[in-house]
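In the working numbering, the protein residues as written are 866 to 1247.
We put the CB at the ideal spot given by N, CA and C, even for glycine.
Here's the structure we're looking at; comments come further down.
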Amino acid sequence: MNVPFADLKMLHAPINSELNDAIQEVIETVSFIGTPNNTFVQKFESEFAAFLGIKHCIACANGTDALELALRAIDLRADEEVIVPARTWIATSEAVTYAGGKVVFVDVDENGLLDWRLLEQLITSKTRAIIPVHLYGLPCEMDEILDIAHKHHLIVIEDSAQAHGATYKGKCVGTLGDFGTFSFFPGKNLGGFGDAGGIVCHSDEYAQKVKKLANHGRLGKFDHELEGRNSRMDGIQAGILSVKLPFLANWNIERRAAAEKYRECLVGTSLNLPNDTIDAMHVYHLFVVEIEARDDVRQQLKEVGIDTGIHYPMALPFLSAYKYLNHSHQDFPSAYRQMSRVLSLPIFPGITDNQIEYVTESLIKSLNLTQRARRGNISVPS
Ligand SMILES: *Cc1c(COP(=O)(O)O)cnc(C)c1O
866 MNVPFADLKM LHAPINSELN DAIQEVIETV SFIGTPNNTF VQKFESEFAA
916 FLGIKHCIAC ANGTDALELA LRAIDLRADE EVIVPARTWI ATSEAVTYAG
966 GKVVFVDVDE NGLLDWRLLE QLITSKTRAI IPVHLYGLPC EMDEILDIAH
1016 KHHLIVIEDS AQAHGATYKG KCVGTLGDFG TFSFFPGKNL GGFGDAGGIV
1066 CHSDEYAQKV KKLANHGRLG KFDHELEGRN SRMDGIQAGI LSVKLPFLAN
1116 WNIERRAAAE KYRECLVGTS LNLPNDTIDA MHVYHLFVVE IEARDDVRQQ
1166 LKEVGIDTGI HYPMALPFLS AYKYLNHSHQ DFPSAYRQMS RVLSLPIFPG
1216 ITDNQIEYVT ESLIKSLNLT QRARRGNISV PS
C-alpha cells in the first residue's frame, strides 16, 4: 500500500468545478490585481475575518510577508528585540530580521511550542514583541504568554500559519494577540493555488497601517502616505480561497478524526502522541511523534510505501543563518533533543482508517526492529 504524506489532488476533486468557476470569474472580470480594491480579495478578507471572529483581515502575498508587515506596522526599530521560538519554520525569525529587528530565540516545551516559562529571563529593555507559533496546529499557552506580554508592554504576533481554525479557550488563534498572521501556501490547512497570506487584527489603526504597507504605502490610487512594498494577494488566489474556506471546518474535523485513529492504533506503544491540551484544540496540520531511531524508522517506512516528513531537521539557532548569534546546543536543550527525533506521519483530510492502520502497523514493526537492534547492538536490516 502507498500512503502519501498529503493529497491535495484528492482534496480538490469534489470541488473542482467550483474552483474552475472561481478562476474563470476572475478572468472574465479582469480582476487579477485591481489595487487597492479587488472585489475577490475584499470578499475573502471579510469572509476569513468572520470565520475567525475578528474585525480586520488584510490579505498579502504570503505568510512570511504577513509576519514582516505586522512587525513593520509597529515601527520596529533597529535595536529592538523580538522573541521567537527555537523550533519553527525559518519564516518566523526571517521576518524579524527583514523588518529591521533582532532575533532572540527561546527554547520550546515538550510539545515543541514556545516555553513561556523561559520568557521573562529573556526580556530586556529592548524587547518589543513576542511571536508565539502555533506549531503543527496546536495553540500555544496564550493566557500565560499574554500575561507576560502585558506586564512588560510587549506586542504579541501569533504566527498561525499552521493553525487555521485551531482554538484556545474557544477562540480562534490569530485573534488573541495584537496580530495574527496566516499563510495560505497550498499545503497549509487552508491553501490557495500558489503563495498567499493574511494578517488579522482588532485595531482599526493597525489594519490601516498594514493595508498601506502591503500596497506601496497607499490606500487610494496615488496617495502614497509612506513607503510600503508590494505584498498583495491576487484575485485568483482570493477566489480559490473563498471557495475552499467553507470546507475548512470539516477538513479540520477530518484531521482531528485521523489523529484520534492514530492514537487508538498506537495506544500500546511508548510514543508520546499529539493531542488537545486542556485549553487548546489542535487542528493537526502535522501529526508529529518523537522516535529515538528516527532516521532508521523513516527509511523503513519509506521502503513499505509510506511518506513521512521531518519538521524540522534543524532547530533555528543551529542553522548557519544564525551562526552569528553564537549559540550552543546547551542553550536550547529541548529544541536540540527534539530536532533529531521528530517524525511527521501522513495526515490529511480524507486519509482512510485503512491507511492509518497500515502506517501504524508498519511503524510498530519498525519500532520493535530498531529497539531490538539497539539492544542487541546488531545492524538494522533495511
Ligand atoms: C508556512 C509558514 C510560514 C510562512 O508562510 P509562507 O506563506 O510560506 O511565506 C510562517 N510560519 C510558519 C510556522 C509556517 O509554517
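beta-carbon residue 1181 near ligand 1 non-hydrogen atom, thresh 8 Å: The sequence position of residue 1181 within the sequence shown is 316, counting from 1. No, the Cβ of residue 1181 stays beyond 8 Å of every heavy atom of ligand 1.
Inter-residue spacing [alpha-carbon to alpha-carbon] between residue 914 and residue 1177: Within the sequence shown, the letter at position 49 stands for residue 914. Within the sequence shown, the letter at position 312 stands for residue 1177. Approximately 30 Å between the Cα atoms of the pair.
Residue 905, enclosing beta strand (DSSP E) - first and last residue: Taking the first residue of the sequence shown as 1, we reach residue 905 at position 40. Residue 905 -> not in any beta strand (DSSP E); alpha helix (DSSP H) instead, spanning 904-917.
C-alpha distance - residue 958 paired with residue 1012, whole-angstrom precision: Within the sequence shown, numbered from 1, the residue matching residue 958 stands at position 93. Within the sequence shown, numbered from 1, the residue matching residue 1012 stands at position 147. C-alpha of residue 958 to C-alpha of residue 1012: approximately 22 Å in a straight line.
Residue 857 beta carbon near ligand 1 (any heavy atom closer than 8 Å): In the structure displayed, the chain extends from 866 to 1247; residue 857 sits before or after that span and is not available.
heavy atom of ligand 1 below 8 Å from residue 930 C-beta: Locating residue 930 in the sequence shown gives position 65, where the first residue counts as 1. For ligand 1, at least one heavy atom lies less than 8 Å from the Cβ of residue 930.
3 or more residues per run - each beta strand (DSSP E) lying fully within the segment 1056-1111: Counting only runs of 3 or more residues that sit fully inside the segment 1056-1111, the beta strand (DSSP E) segments are 1062-1066, in chain order.
Cβ-heavy atom distance, residue 1061 to ligand 2, below 8 Å: This structure lacks ligand 2; the ligands present are ligand 1.
Unbroken alpha helix (DSSP H) run spanning residue 938, endpoints: In the sequence shown, counting from the first residue as 1, residue 938 sits at position 73. Taken as a continuous stretch (DSSP letters only), the alpha helix (DSSP H) holding residue 938 covers 928-938.
Bridge partners - residue 1209, DSSP secondary structure assignment: The residue you call residue 1209 lines up with position 344 of the sequence shown. 1153 and 1174, per the DSSP bridge assignment.
Bridge partner(s) assigned by DSSP for residue 1020: The residue labelled residue 1020 in the question sits at position 155 within the sequence shown. Partner(s): 994.
DSSP state of residue 1247 mapped onto helix, strand, coil: Here residue 1247 is taken as the residue at index 382 of the sequence shown, counted from 1. Per-residue confidence for residue 1247 stands at a pLDDT of 46, beneath the threshold of 50, marking its modelled position as unreliable; no derived number is given.
Length of the line joining the Cα atoms of residue 894 and residue 1100: For this step, residue 894 is matched to residue 29 along the sequence shown. For this step, residue 1100 is matched to residue 235 along the sequence shown. Looking at the backbone, the Cα of residue 894 and that of residue 1100 are separated by about 10 Å.
Contacts around residue 980, its chain only, beta-carbon distance under 6 Å, and the 5 residues preceding and following it disregarded: Counting from one through the sequence shown, the residue named residue 980 turns up at place 115. Closer than 6 Å at the Cβ level, and outside the excluded window around residue 980, lie 972, 973 and 974.
Distance between residue 1225 and residue 1132 (C-alpha atoms, nearest Å): Translated into the one-based positions of the sequence shown, residue 1132 becomes position 267. Translated into the one-based positions of the sequence shown, residue 1225 becomes position 360. Roughly 10 Å between the two C-alpha positions.
Beta-carbon gap between residue 905 and residue 887 smaller than 9 Å: One-based indexing of the sequence shown puts residue 905 at position 40. One-based indexing of the sequence shown puts residue 887 at position 22. In this structure, residue 887 lies closer than 9 Å to residue 905 by Cβ.
Distance, residue 1209 Cα to residue 1055 Cα: Working through the sequence shown from its first residue, we reach residue 1055 at position 190. Working through the sequence shown from its first residue, we reach residue 1209 at position 344. CA-to-CA, the gap between residue 1055 and residue 1209 works out to about 19 Å.
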